[in-house]
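K.L.:
The following block contains the structure, expressed as structure tokens.
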Ligand code: UN1
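Numbering (our numbering), first residue to last: 4 to 503.
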């Protein structure tokens, strides 16, 4: 059923938003099950409500993307860029209100929520200017009178599948480049963050995006699976768990459909013997506990060289334990809840199991709250020291949990950074040039930070991991062009020389 556009809240008000899908330019109620979007800090509080998308919405969205593609692909770069610039302006104007909604539906702090909406705006602004940069390459020809041009062309309707943890920034860094390069989009976000998805879709509509160029269908995994395999889709970009990412890769492989996945991480910070310990503690705490540890780039392992280990670990535990945990919309709170009670329970069980194993020492957190936070999906910042290899060392938990190990030497500390099947990001705390150059040459990650936390991503530089953290081309910056365009190599020659 077609309905009116979503209503805007005034900042600070706590209304229950009505969820809508954007299907081929029309705001639509879904034909699926009821979807109740709750606040993980207070699960009884409903943030938004509506119905999931059904097959009919999905099919109509893909048809809309197929129909809109030729017109959008033929729209000049600057005209497409103008719409992206306007989208950024709408995002900036709504950052206070939408950032608060983000904190309420996902659980990250208000400052992080508002910051994330602004970051989405920044991403749109970057890709808005893509038409001002070179759009192809020219090669020398071995034959006289000929040149060889590499022309980048849009790929068609792209399926965008996004996770809960950055409800607006991750969609922005997939949708903005997809649109900038002339593709159309059908987007399925995580069902735990439908409100922010709807807000980004609203921003695109308000900016004047033509009907069908981007559609939003909020649905569970089955809708995601159908979207990935839909005959109208030409490529799939996914960020989420390793398990689901592999299924997406498998399905795309069977169809020979290009796919890009951004998956798990178990990112290490190595604190070497000469490290500025105050800086290292600051950055490790930020990397581990911002967004309640729910970032694929979060710091979840710390390796500290024995010479400074006692002092570093003591300071780390003191700082982690002093973080204020509570309602993320309270400006004094430093860490909010996890995304759901189920997520909290899974992390708690993994920590309890690890703490019970030989050689492990629980240094901070580890227990659920029994005070007025017991109802919410809260967990305290948790630090566990391990004597050696352990599940807690290997498996991504996606929560506020740091595993610490000691290394005899700086060299061993750097080697332990690579002791993971994942390779998204790493941090090394040192001013020792030999250690830095060794890290740059040997640490197998997509993103390496020297003296800063493992998380963070600027819109103009490549983002993505190595090993099992990612599959396919990198995202963001000019790297995005590899996935969101296809190239044609053109051999260009006049039929005969100019005669007069
Ligand atoms: C960041 O580190 O600020 O899912 C962004 C994730 C990543 C994004 C990280 N794709 O956490």
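Cβ atoms here follow ideal geometry from the backbone N, Cα and C, with glycine treated the same way. This one's a predicted model, so the numbers in the text were calculated from it and none came from an experiment.
Tell me the rounded alpha-carbon separation between residue 110 and residue 101.
P.N.:
C-alpha separation (whole angstroms): 13 Å.
K.L.:
Does the Cβ-Cβ distance between residue 36 and residue 54 come in under 8 Å?
P.N.:
In this structure, residue 54 lies closer than 8 Å to residue 36 by Cβ.
K.L.:
Looking at residue 274: is its Cβ nearer than 8 Å to the Cβ of residue 432?
P.N.:
In contact: residue 274 and residue 432 (Cβ atoms closer than 8 Å).
K.L.:
Does DSSP put residue 240 in a helix, in a strand, or in coil?
P.N.:
DSSP places residue 240 in strand when its eight states are reduced to three.
K.L.:
Give the DSSP bridge partners of residue 527, in chain order.
P.N.:
Not covered by the structure: residue 527. The range shown for the chain is 4 to 503.
K.L.:
With a Cβ-Cβ cutoff of 8 Å, do residue 389 and residue 407 count as a contact?
P.N.:
Yes. Within cutoff.
K.L.:
Straight-line CA distance for residue 199 to residue 150?
P.N.:
Those two C-alpha atoms are separated by around 48 Å.
K.L.:
Please report the distance separating the alpha-carbon of residue 368 from that of residue 326.
P.N.:
Roughly 11 Å separates the two Cα atoms.
K.L.:
May I have all residues whose beta carbon comes closer than 6 Å to any heavy atom of the ligand UN1, sorted in chain order?
P.N.:
Those residues, listed in chain order, are 166, 168, 169, 173, 242, 265, 298, 299, 300, 458, 459 and 460.
K.L.:
What residue ranges within the region 342 to 389 form continuous alpha helix (DSSP H) runs of no fewer than 4 residues, ordered along the chain?
P.N.:
Counting only runs of 4 or more, we get 344 to 358.
K.L.:
Locate the alpha helix (DSSP H) running through residue 409, then write down its first and last residues.
P.N.:
Careful: residue 409 lies outside any alpha helix (DSSP H), inside the beta strand (DSSP E) at 404 to 410.
K.L.:
Given this structure, state the Cα-to-Cα distance separating residue 77 from residue 67, to the nearest angstrom.
P.N.:
Cα to Cα, the separation comes out at about 16 Å.
K.L.:
Let's test the definition: count the other Cβ atoms within 10 Å of the Cβ of residue 4 and tell me whether it reaches 16, buried, or not, exposed.
P.N.:
Annotation note: pLDDT 47 at residue 4 (below 50); position unreliable, coordinate value reported separately. Residue 4 comes out exposed.
K.L.:
Under DSSP, the beta strand (DSSP E) around residue 421 begins and ends at which residues?
P.N.:
Residue 421 -> no beta strand (DSSP E), and no H or E assigned at all.
K.L.:
Note down the Cα distance separating residue 112 from residue 291, rounded to an integer number of angstroms.
P.N.:
Each residue's Cα considered, the two are about 14 Å apart.
K.L.:
Quick one: using the 10 Å Cβ neighbour count with 16 as the cut-off for buried, is residue 267 buried or exposed?
P.N.:
When all chains shown are included, residue 267 counts as buried.
K.L.:
Look up residue 250 in the DSSP assignment and say whether it is helix, strand or coil.
P.N.:
In this structure, residue 250 counts as helix in the three-state DSSP scheme.
K.L.:
Can you check the region 260 to 307 for any beta strand (DSSP E) of at least 3 residues that lies completely inside it and give the ranges in chain order?
P.N.:
Correct list: 262 to 265 and 270 to 274.
K.L.:
Taking residue 329 as the reference, give the member of 169, 459, 420 and 384 with the closest Cα.
P.N.:
With distances taken between Cα atoms, residue 329 lies closest to 384.
K.L.:
Does the region 185 to 195 come close enough to the region 217 to 229 that 3 or more CB-CB pairs lie under 8 Å?
P.N.:
Touching, yes.
K.L.:
Roughly how many angstroms lie between the CA atoms of residue 411 and residue 307, to the nearest whole one?
P.N.:
Near 9 Å, if we compare the C-alpha coordinates of residue 307 and residue 411.
K.L.:
For residue 432, list the residues DSSP reports as bridge partners.
P.N.:
Residue 432 pairs with 274.
K.L.:
Please report the straight-line C-alpha distance between residue 295 and residue 230, rounded to a whole angstrom.
P.N.:
Distance between the alpha carbons of residue 295 and residue 230 is about 30 Å.
K.L.:
Can you tell me which of 167, 462, 434 and 469 puts its alpha carbon nearest to the alpha carbon of residue 298?
P.N.:
For residue 298, the nearest C-alpha among the options comes from 167.
K.L.:
For residue 94, which of helix, strand or coil comes out of DSSP?
P.N.:
Helix, per DSSP.
K.L.:
Ordered along the chain, which non-local residues of its own chain (more than five positions away) have a Cβ less than 6 Å from that of residue 203?
P.N.:
Within the same chain, residue 203 has close Cβ partners 171 and 174.
K.L.:
Would you mind reading off the limits of the alpha helix (DSSP H) that contains residue 178?
P.N.:
172 to 183 is the span of the alpha helix (DSSP H), which, as asked, contains residue 178.
K.L.:
If we ignore side chains and look at the alpha-carbon of each, how far apart do residue 391 and residue 361 end up?
P.N.:
So the two alpha carbons sit approximately 10 Å from each other.
K.L.:
Assuming residue 44 contacts residue 379 (C-beta within less than 8 Å), just tell me the rounded distance between them.
P.N.:
The Cβ separation is near 4 Å, so the contact holds.
K.L.:
Output yes or no for whether 8 Å exceeds the beta carbon distance between residue 387 and residue 419.
P.N.:
Contact: no.
K.L.:
Cβ atoms of residue 270 and residue 445: under 8 Å apart, would you say?
P.N.:
It is not a contact, given that the beta carbons lie outside the stated cut-off.
K.L.:
Mind checking which residues open and close the beta strand (DSSP E) that includes residue 47?
P.N.:
Start and end: 45 to 54.
K.L.:
Around the Cβ of residue 477, are there at least 16 other Cβ atoms within 10 angstroms (buried) or fewer (exposed)?
P.N.:
Classification for residue 477: buried.
K.L.:
Taking the C-alpha atoms as reference points, what is the distance between residue 119 and residue 169?
P.N.:
Going by the C-alpha atoms only, they are around 7 Å apart.
K.L.:
Who are the near neighbours of residue 20 in its chain, counting only those whose CB is closer than 6 Å to its CB and skipping five residues on each side?
P.N.:
Closer than 6 Å at the Cβ level, and outside the excluded window around residue 20, lie 51 and 198.
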